């Protein structure tokens, strides 16, 4: 999620369905046409994105992850995994401990072929140890 935005929110499938119902009730012909096209998009979105939410990272990459994602969650590379994962820091931490909750598997467009690992190497960053709870 973009950490610099107060309302880093993108709609879920359910949000789009609520919007579509409100358009249907308006009775406008242009809205009816848009509604029909949105219906096609909605069916495709339901199939691929049910229970998931699109996101935009601070570095400009976008992707899709669990719908429970919140601003401040972290997308991480896990060595040996074929996907990214989203984590959330645990509020109560012991000194020197980085405890995080696994939110879910994450797809990052344009970074699934190893580009992210190369980017991390270019930044000369070290792997971090976290405790998943």
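In the numbering used here, the protein residues as written are 989 to 1121. For each residue, glycine too, the CB sits at the ideal point set by N, CA and C. For clarity, every value in this text was computed on a predicted model and none was experimentally measured.
- A direct Cα-Cα distance of roughly 32 Å separates residue 1043 from residue 1017.
- Comparing alpha-carbon positions, the option among 1072, 1009, 1004 lying closest to residue 1049 turns out to be 1072.
- Inside the region 998-1064, DSSP marks whole beta strand (DSSP E) runs of 3 or more residues at positions 1040-1044, 1050-1054, from first to last along the chain.
- Contact between residue 1097 and residue 1051 holds, since their C-beta atoms are separated by about 5 Å, short of 8 Å.
- Bridge pairing for residue 1088: 1077, 1120 [DSSP].
- Collapsing the DSSP output to three states places residue 1106 in a helix.
- Exclusion of the five residues before and after residue 1061 leaves 989, 1074, 1075, 1076, 1091 as the residues of its chain whose Cβ lies within less than 7 Å of its Cβ.
- Look at residue 1096 here: in three-state DSSP terms it is strand.
- Residue 1007 is not a Cβ neighbour of residue 1033, given a cutoff of 8 Å.
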